[in-house]
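To get our numbering, take the position in the sequence shown, counting from 1, and add 434. Report on the structure given below.
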Amino acid sequence: MTKYPFNSDMLALGKKFNEAGFSLYLVGGAVRDFLLKKENDDADFTTDATPDEVIKLFPKATIPTGIKHGTVTVIFNKQSYEITTFRTEGKYSDSRHPDNISFVRSLEEDLSRRDFTVNAFAASTKDGAIIDLHNGLEDLKNKVIRAIGCAKQRFDEDALRMLRAIRFASKLGFKIEDTTFDAIKKDSSRITIISKERIREEIFKIIDSPNPSYGFKLLRESGLLKYIIPCLDQAYGFEQLGNHKEDVFFHTLSALEAAKSLGYPFIVKLAILFHDLGKIEARRGSAQEGYTFYGHELISANIARKNLTELKCSNEEIERTTNLVKNHMFSYTPNWTDSAVRRFILRVGINDIPYLFDLRKADALSMDEKADFTLLNEFENRIQKELETQNALTLKDLKLNGNDIKSLFNVQGKTIGNVLSYLLEEVIEDPSLNDRDKLINLTKLFLSKLS
435 MTKYPFNSDM LALGKKFNEA GFSLYLVGGA VRDFLLKKEN DDADFTTDAT
485 PDEVIKLFPK ATIPTGIKHG TVTVIFNKQS YEITTFRTEG KYSDSRHPDN
535 ISFVRSLEED LSRRDFTVNA FAASTKDGAI IDLHNGLEDL KNKVIRAIGC
585 AKQRFDEDAL RMLRAIRFAS KLGFKIEDTT FDAIKKDSSR ITIISKERIR
635 EEIFKIIDSP NPSYGFKLLR ESGLLKYIIP CLDQAYGFEQ LGNHKEDVFF
685 HTLSALEAAK SLGYPFIVKL AILFHDLGKI EARRGSAQEG YTFYGHELIS
735 ANIARKNLTE LKCSNEEIER TTNLVKNHMF SYTPNWTDSA VRRFILRVGI
785 NDIPYLFDLR KADALSMDEK ADFTLLNEFE NRIQKELETQ NALTLKDLKL
835 NGNDIKSLFN VQGKTIGNVL SYLLEEVIED PSLNDRDKLI NLTKLFLSKL
885 S
């Protein structure tokens with residue numbers, strides 16, 4: 435069998451364990467991905483040494499990272515390695531964490547507690563030999579994700595494993611073995627007991643995987659999607675007609691695939707996931723007369739905000755995604771004035787404009803792989819030209835700031851904000867007004883109308 439090519443530091447680390455009478459194995463994704471000829475920088479090790487014995491081996495170079503679970507970080511030759519003691523796990527009362535763990539001296543027992551056969555390889559640091567106790571090589575060859583032992587028991591232990599199965603299928607392009615998939619379908623509702631943060635991490639990895647649309651199809655077929663992003667699940671079978679040959683669900687996945695194939699950033703793919711979900715609420719008309727979806731982008735933005743907030747996403751992820759979704763239906767024409775272009779930049783924000791154009795292109799390509807971007811490219815060029823002029827496009831570009839207004843006119847709070855917004859609107863319309871004296875005069879005019 436092929437041997438794992440450990441580097442000299444890892445071999446030296448293994449030798450240190452061996453000389454003390456212990457074994458050390460590389461486990462998990464690093465071994466799997468080596469066998470698949472894929473890159474993987476993760477290096478998780480397991481040993482028959484207890485945490486106390488590991489600390490004794492490296493008395494001045496250990497960090498008790500997760501010592502209650504048997505994990506110690508060892509600093510060796512200026513590199514850090516996570517090393518976990520062989521263990522078995524007790525009952526999972528909450529389907530998230532084991533009630534207790536027991537350290538064991540058997541690699542076989544340790545590998546048996548893992549989730550899927552393709553994740554249960556071990557490579558010995560002694561000679562690089564790869565150990566496969568669960569026919570993982572056969573499943574790698576056949577491109578199959580299979581639970582170790584009883585699938586229901588594996589998912590009862592940790593319900594997140596249902597999502598992980600789909601994430602690995604999406605990452606590797608593998609099929610989920612029938613018994614394993616049936617167990618997911620039967621227990622899909624139990625995903626609701628898992629923390630939103632853990633769910634988010636798996637969903638994000640599916641979005642950013644090599645096969646995102648496959649992953650979301652599996653999420654829907656398994657029954658998991660309706661508990662995670664209900665509106666996307668409801669989009670299945672929701673027809674659009676007109677320029678759209680696909681329903682909202684499959685159109686979304688097609689746009690996601692287009693974004694993936696073009697190498698667009700993650701935030702664009704996240705926005706695509708939500709960009710049309712408001713169509714379910716916005717649809718008017720009939721199949722015979724045709725449908726309209728006026729304002730669906732605003733509804734979609736609200737859906738994105740709600741779902742991303744529930745998934746405990748960062749404020750930046752929520753605000754940026756919502757902004758892209760809200761603005762994705764812009765309708766540029768060549769007769770737009772320069773001030774209209776500047777107002778667009780102001781509305782969308784300089785930093786989000788490239789992502790918004792990515793979204794529009796992926797959206798168009800999902801409907802027509804030969805989509806014409808002549809108009810969109812013209813618009814991009816006009817925006818770039820405006821940016822190069824260095825005209826004022828944000829509040830910080832104004833030649834009069836909030837402190838100036840406060841000291842000159844003795845106003846505070848919201849009034850200052852209202853003045854600045856007014857000044858920026860005027861300068862967007864006529865860039866020559868961005869002069870301190872002119873802005874002071876405009877402020878006088880604005881405040882006189884308030885009194």
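Virtual Cβ for every residue (Gly too), placed ideally from N, Cα, C.
- A distance below 8 Å between beta-carbons, with the five flanking residues on each side excluded, links residue 719 to the following residues of its chain, in chain order: 725 and 726.
- Two segments are said to touch when three or more pairs of C-beta atoms, one from each, lie closer than 8 Å; by this definition the stretch 498-514 does not touch the stretch 546-556.
- Take residue 478, set aside five residues on each side of it, and the residues of its chain with a beta-carbon closer than 6 Å to its own are 461, 462 and 516, in chain order.
- Only residues of its own chain outside the window of five on either side were considered, and among them 437, 438, 439 and 440 have a CB closer than 8 Å to the CB of residue 562, listed in chain order.
- Here the C-alpha atom of residue 834 lies approximately 23 Å from the C-alpha atom of residue 772.
- In the DSSP annotation of this structure, residue 540 is not part of any beta strand (DSSP E), being labelled neither H nor E.
- Around the beta-carbon of residue 602, 16 or more other beta-carbon atoms lie within 10 Å, marking it buried.
- Bounds of the alpha helix (DSSP H) holding residue 683 are 682-695.
- For the stretch 447-487, the full-length alpha helix (DSSP H) segments reaching 4 residues or more read 463-469 along the chain.
- When DSSP reads this structure, residue 513 sits in a beta bridge with 510.
- Contact between residue 564 and residue 554 is absent: CB atoms are separated by about 11 Å, not below the 8 Å threshold.
- Setting aside the 5 residues that flank it on each side, residue 779 is surrounded in the same chain by 787, 817, 820, 821 and 827, each with a C-beta closer than 8 Å to its C-beta; the list follows chain order.
- Taking residue 729 as reference, the option from 692, 762 and 697 with the minimal CA-CA separation is 762.
- Ranked by how close their Cα comes to the Cα of residue 713, the residues 682, 705 and 642 have 682 in first place.
- Beta-carbon to beta-carbon, residue 559 and residue 445 are separated by about 6 Å, close enough to satisfy the 8 Å threshold.
- Taking C-beta atoms as the reference points, residue 692 and residue 703 fail to come closer than 7 Å.
- Here residue 711 is not near residue 752, since their CB atoms are 7 Å or more apart.
- In this structure, the straight-line span from the alpha carbon of residue 470 to that of residue 568 is close to 17 Å.
- Contact between residue 699 and residue 789 holds: CB atoms are separated by about 7 Å, below the 8 Å threshold.
- Residue 593 places its beta carbon 7 Å or farther from that of residue 614.
- Our two residues, residue 742 and residue 447, have alpha carbons roughly 43 Å apart in a direct line.
- Beta-bridge analysis with DSSP links residue 724 to 720.
- For residue 558, the uninterrupted beta strand (DSSP E) run begins and ends at 555-558, by DSSP.
- For the pair residue 872 and residue 840, the Cα-to-Cα distance works out to about 17 Å.
- Per DSSP, reduced to three states, the secondary structure at residue 566 is strand.
- A residue is called buried when at least 16 other Cβ atoms come within 10 angstroms of its Cβ; residue 626 does not meet this threshold and is exposed.
- Per DSSP, residue 627 lies in no alpha helix (DSSP H) segment and is marked neither H nor E.
- The DSSP-derived three-state label of residue 586 is helix.
- Going by C-alpha positions, residue 630 is about 26 Å away from residue 518.
- Boundaries of the alpha helix (DSSP H) harbouring residue 849: 847-863, taken from the DSSP string.
- Of 494, 540 and 475, the smallest CA-CA separation from residue 484 is found for 540.
- Looking only at 488, 464 and 476, the smallest Cα-Cα distance to residue 452 is reached by 488.
- The beta-bridge partner set that DSSP reports for residue 578 consists of 609.
- Judged by DSSP in its simplified three-state form, residue 836 adopts helix.
- Distance from the CA of residue 697 to the CA of residue 715, rounded to the nearest whole angstrom, comes to 31 Å.
- Using a Cβ-Cβ distance cut-off of 8 Å, the stretch 853-865 and the stretch 796-807 are not in contact, since fewer than three pairs of beta carbons, one from each stretch, lie closer than that value.
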